[in-house]
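Residue numbers (numbering that gives the first Met the number 0): 0 to 149. All residues carry an ideal CB built from backbone N, CA and C; glycine is no exception.
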Amino acid sequence: MTTRIAPGVGANLLGQHSAERNQDATAYVGNLDPQVTEELLWELFVQAGPVVNVYVPKDRVTNQHQGYGFVEFRSEEDADYAIKVLNMIKLYGKPIRVNKASQDKKSLDVGANLFIGNLDPDVDEKLLYDTFSAFGVIVTNPKYPASVIC
């Protein structure tokens, strides 16, 4: 069975149908380029697991999305796998951030903020994430200012 996405299909992720949504199986997707559409997110995330729904909130005036969205999977395990596989991949040159939508930031125990300098110009956020995630859970994705001139 193939399910296609239609405009506004994500409306059940918020609002009156929120009780039907499986919050634990929903991934937050951030840092989206303006060119990214619900259809593109569907096609990308279905590679990681069965997608139930995609919702990208849009500005009511401009009808442009606000740089983030939500992808609901069939199970929490599918969402967890998608987070591991798709976090920090680049869409239109921007690394997307993929986290649990239900993650409560206040409950996270932050051990340290790590500042790293004198990096090679070829180092990007994805490389930093991949390198340091081997040492433990990364609570906040690395931020690397690409516009800094060394």
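Taking the alpha helix (DSSP H) that residue i falls in, what are its first and last residues?
{"i": "Val84", "result": "75-85"}
{"i": "Leu39", "result": "37-44"}
For residue i versus residue j, is the C-beta distance shorter than 9 Å?
{"i": "Ala100", "j": "Ala26", "result": "yes"}
{"i": "Gly66", "j": "Pro33", "result": "yes"}
{"i": "Val45", "j": "Glu71", "result": "no"}
{"i": "Val51", "j": "Leu40", "result": "no"}
{"i": "Glu75", "j": "Asn21", "result": "yes"}
{"i": "Phe131", "j": "Leu118", "result": "no"}
{"i": "Asn62", "j": "Pro94", "result": "no"}
{"i": "Ala78", "j": "Ala24", "result": "yes"}
In the DSSP assignment, find the unbroken beta strand (DSSP E) run with residue i in it and report its ends.
{"i": "Lys125", "result": "Per DSSP, Lys125 belongs to no beta strand (DSSP E); it is in the alpha helix (DSSP H), 124-132."}
{"i": "Phe69", "result": "67-72"}
{"i": "Gly116", "result": "Segment: none, Gly116 is in no beta strand (DSSP E) and carries neither H nor E."}
{"i": "Val51", "result": "50-54"}
{"i": "Gly29", "result": "25-29"}
Nearest by alpha-carbon distance to residue i: which of the options is it?
{"i": "Lys142", "options": "Leu43, Asn62, Tyr91, Met87", "result": "Met87"}
{"i": "Phe69", "options": "Phe114, Thr61, Ala81", "result": "Ala81"}
{"i": "Val35", "options": "Asp123, Val55, Lys83", "result": "Val55"}
{"i": "Asn30", "options": "Leu90, Ala78, Ala111", "result": "Leu90"}
{"i": "Lys57", "options": "Leu43, Phe134, Glu37, Asp79", "result": "Glu37"}
{"i": "Lys83", "options": "Asp129, Phe134, Asp23", "result": "Asp129"}
{"i": "Lys125", "options": "Arg96, Pro49, Val60", "result": "Arg96"}
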